[in-house]
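*Asks:* Residue numbers (the working numbering): 1418 to 1927. We treat Cβ as the ideally placed atom computed from N, Cα and C, and that holds for glycine.
#1: Could you tell me whether the segment 1436-1450 touches the segment 1485-1503, where touching means 3 or more Cβ pairs closer than 8 Å?
#2: Where does residue 1595 sit, in a helix, a strand or coil, going by DSSP?
#3: Count the other CB atoms, across all protein chains shown, that sit within 10 Å of the CB of residue 1552; report buried if there are 16 or more and exposed otherwise.
#4: Mind checking whether residue 1767 and residue 1511 have CB atoms under 9 Å apart?
#5: Would residue 1697 and residue 1586 be called neighbours here (beta carbons separated by less than 9 Å)?
#6: With 16 as the cutoff for other CB atoms within 10 Å, does residue 1577 come out buried or exposed?
#7: I need the DSSP call for residue 1758, collapsed to helix, strand or coil.
#8: Put residue 1490 into one of helix, strand or coil per three-state DSSP.
#9: Would you mind reading off the limits of the beta strand (DSSP E) that contains residue 1627?
#10: Relative to the ligand ZN, is the shortest distance from any of its heavy atoms to the C-beta of residue 1764 smaller than 8 Å?
#11: Please return the same chain residues whose Cβ sits closer than 6 Å to the Cβ of residue 1463, not counting the five positions on each side in sequence.
#12: Please state whether DSSP places residue 1732 in a helix, a strand or coil.
#13: Compare the C-alpha of residue 1536 against each of 1484, 1643, 1666, 1567 and name the closest.
#14: What runs of the beta strand (DSSP E), each 3 residues or longer, lie entirely inside the segment 1652-1700?
#15: Could you pull out every residue in the same chain whose Cβ sits closer than 8 Å to the Cβ of residue 1582, ignoring the five residues on either side in sequence?
#16: With H, G and I counted as helix, E and B as strand and the rest as coil, what does DSSP make of residue 1727?
#17: Cutting at 6 Å between CB atoms, please list the residues of its own chain near residue 1499, excluding the five before and the five after it.
#18: Assign residue 1597 to one of two classes, buried (16 or more other C-beta atoms within 10 Å of its C-beta) or exposed (fewer than that).
#19: Compare the beta carbon distance of residue 1755 and residue 1782 with 9 Å and say whether it is the shorter of the two.
#20: Is residue 1527 helix, strand or coil when you go by DSSP?
#21: Decide yes or no for the touch test of the segment 1518-1535 against the segment 1660-1671: beta carbon pairs closer than 8 Å, at least 3 of them.
#22: Quick check for students: name the residue ranges of the alpha helix (DSSP H) that lie wholly in the segment 1426-1491, counting only runs of 4 or more.
#23: Nearest-angstrom Cα distance between residue 1724 and residue 1636?
#24: Taking contact to mean at least 3 C-beta pairs separated by less than 8 Å, is the segment 1817-1828 in contact with the segment 1788-1806?
#25: Do residue 1716 and residue 1730 have their CB atoms nearer than 9 Å?
#26: Would you mind stating whether residue 1714 and residue 1738 have Cβ atoms separated by less than 9 Å?
#27: Report all residues from its chain with a CB closer than 6 Å to the CB of residue 1611; omit the five preceding and five following residues, and keep chain order.
#28: Starting from the Cα of residue 1838, find the closest Cα among 1805, 1573, 1748, 1602 and give me that residue.
#29: If I measure Cβ to Cβ from residue 1727 and keep anything under 7 Å in the same chain, skipping five residues before and after, which residues do I get?
#30: Could you check if residue 1879 is buried or exposed, using at least 16 other CB atoms within 10 Å of its CB as the buried criterion?
#31: Residue 1699 and residue 1606 - do their beta-carbons sit closer together than 9 Å?
#32: With DSSP as the reference, please indicate the residues paired to residue 1928 in a beta bridge.
#33: Around the C-beta of residue 1903, are 16 or more other C-beta atoms found within 10 angstroms, so that it is buried, or is it exposed?
#34: Hey, could you find the ends of the beta strand (DSSP E) residue 1795 is sitting in?
#35: At what residue ranges does the segment 1842-1877 contain a whole run of the alpha helix (DSSP H), taking only runs of 4 or more?
#36: Provide the residue span of the beta strand (DSSP E) that contains residue 1747, from first to last.
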């Protein structure tokens, strides 16, 4: 059967930039698999929401796939053991969440045997499972959005299932420079990606799926197309979009594919769409079909400061140092280590940090970014021209500098996706994105402070109300006692007085 042709659509994305891809080096070789390291470091917070709750103790032996920490709260995701070994510590460890920050981690000393937990139940075809049961099953696999958002996939799908939906959109758009893990995944594991799409369509009751890939990924387009031909599922359509950063953003992708605009503060489900990263779909397939929870991922290891750029499959918890060593080590010119891409990634000062579910790229640069001298804004308007959200970055910057919360909100600060396009075109080298990120944090702090004050006010009013009720009850009881005393004889009065004296004595003793 011949491979179906992909439809091509230039789309209507506002702004954005065409950037050098810098991906040829990492995609020149096939996907490599890193051996299980001697030690695995597993942060209990690898997702949006509440950290997982550890259910293993120090000294406990664990098997690959065993539950280590269960989801806690309404938005959370469990953590599973990536290999067999012994839990040697549960303690703070450097992570890439914030520069220099530490977070609680479960540390496993691997035994080198990589023994897997026996299957709890026999695997059955996904299309024989009721959609609600399938969604609950996905929830248990520890799967999160692997495109960077790391929102727990089970909760996202359950929330989506309550909305009127039309389209499932598989996000294979990898527009940030250097990152190529989704590209190589689609080239080599196209069947798993499309299998995950079929599982999601069954779980959500959908009959239309778009697999969206940038036009500069011919190998991935070909591999997905051939797999579609083999699968012969006319519900799935392959669609190309232009290679413009940041077309891979969820809202931008919905607009490109469906010409529908996600409302301010809304979600793609508000316009009938569910968006899932292709890596997330492959992880769903492995969990539902093979019974393997999310314990590994494909990650790009690249940059001019690295000896051998490549894409690797590594167990979650492998340290960046182990990954770098597998890729040949640093070059003598390596100067900056970034977890993620050059625009949205986080700079870290140590390679002891572990690879987590969100780690789509480990980038080693040979020069430190942000060394250009910042100058005053010249009001050129370039930042507004490239903003994909159609915001006014220069206005937002002025209001961020003056901490004008009302103006920041009215000018749409919360809609900013922090893509960094405005930084790239600013001739004055103003760190606009950093100022917006800090302003968001301040606004969130103010909101949290207001929420705490409101809770304190409600507790104070509730306490006063309770004390007033107790006071009225005591007064009513005393009035009733007086009334009883007036209506009772001398013996009854003496008995009442005796009880009151005994109560007073007890109060004094206590």
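*Replies:* On the basis of the data shown:
#1: No contact exists between the segment 1436-1450 and the segment 1485-1503.
#2: Residue 1595 falls in the coil class under three-state DSSP.
#3: Its Cβ being crowded by 16 or more others within 10 Å, residue 1552 is buried.
#4: In this structure, residue 1511 lies closer than 9 Å to residue 1767 by Cβ.
#5: Taking 9 Å as the Cβ cut-off, residue 1697 and residue 1586 do not qualify as a contacting pair.
#6: Residue 1577 comes out buried.
#7: Coil, per DSSP.
#8: In this structure, DSSP gives residue 1490 a state outside helix and strand, which the three-state scheme calls coil.
#9: Segment 1626-1631, the beta strand (DSSP E) holding residue 1627.
#10: As far as ligands go, the structure on display features none, and thus does not contain the ligand ZN.
#11: Closer than 6 Å at the Cβ level, and outside the excluded window around residue 1463, lie 1773, 1774.
#12: Looking at residue 1732 - three-state DSSP - the assignment turns out to be strand.
#13: For residue 1536, the nearest C-alpha among the options comes from 1484.
#14: Runs found: 1653-1658, 1690-1694.
#15: Correct list, in chain order: 1621, 1622, 1623, 1686, 1689, 1690, 1691.
#16: DSSP places residue 1727 in strand when its eight states are reduced to three.
#17: Around residue 1499: 1457, 1712, 1732, 1733, 1734.
#18: Around the beta carbon of residue 1597, a 10 Å sphere encloses 16 or more other beta carbons of the protein chains shown; the residue is thus reported as buried.
#19: At a Cβ-Cβ threshold of 9 Å, residue 1755 and residue 1782 count as neighbours.
#20: It is a strand residue.
#21: Too few Cβ pairs lie closer than 8 Å, so no.
#22: None, since the segment 1426-1491 contains no complete alpha helix (DSSP H) of that length.
#23: Going from the Cα of residue 1724 to the Cα of residue 1636 covers about 25 Å.
#24: Because the criterion of three Cβ pairs below 8 Å is not met, the segment 1817-1828 and the segment 1788-1806 do not touch.
#25: Yes, Cβ-Cβ distance for residue 1716 and residue 1730 is below 9 Å.
#26: Contact: no.
#27: Only 1644, 1648 meet the Cβ criterion.
#28: It is 1805 whose Cα lies nearest to the Cα of residue 1838.
#29: So the qualifying residues of the chain are 1443, 1446, 1449, 1718, 1744.
#30: Label assigned to residue 1879: exposed.
#31: In terms of Cβ geometry, residue 1606 and residue 1699 form a close pair [threshold 9 Å].
#32: With the chain covering 1418 to 1927 only, the question about residue 1928 has no answer from this structure.
#33: Burial call: exposed.
#34: For residue 1795, there is no enclosing beta strand (DSSP E), since its DSSP letter is neither H nor E.
#35: Qualifying alpha helix (DSSP H) stretches: none in this window.
#36: The continuous stretches of beta strand (DSSP E) do not include residue 1747, and DSSP gives it neither H nor E.
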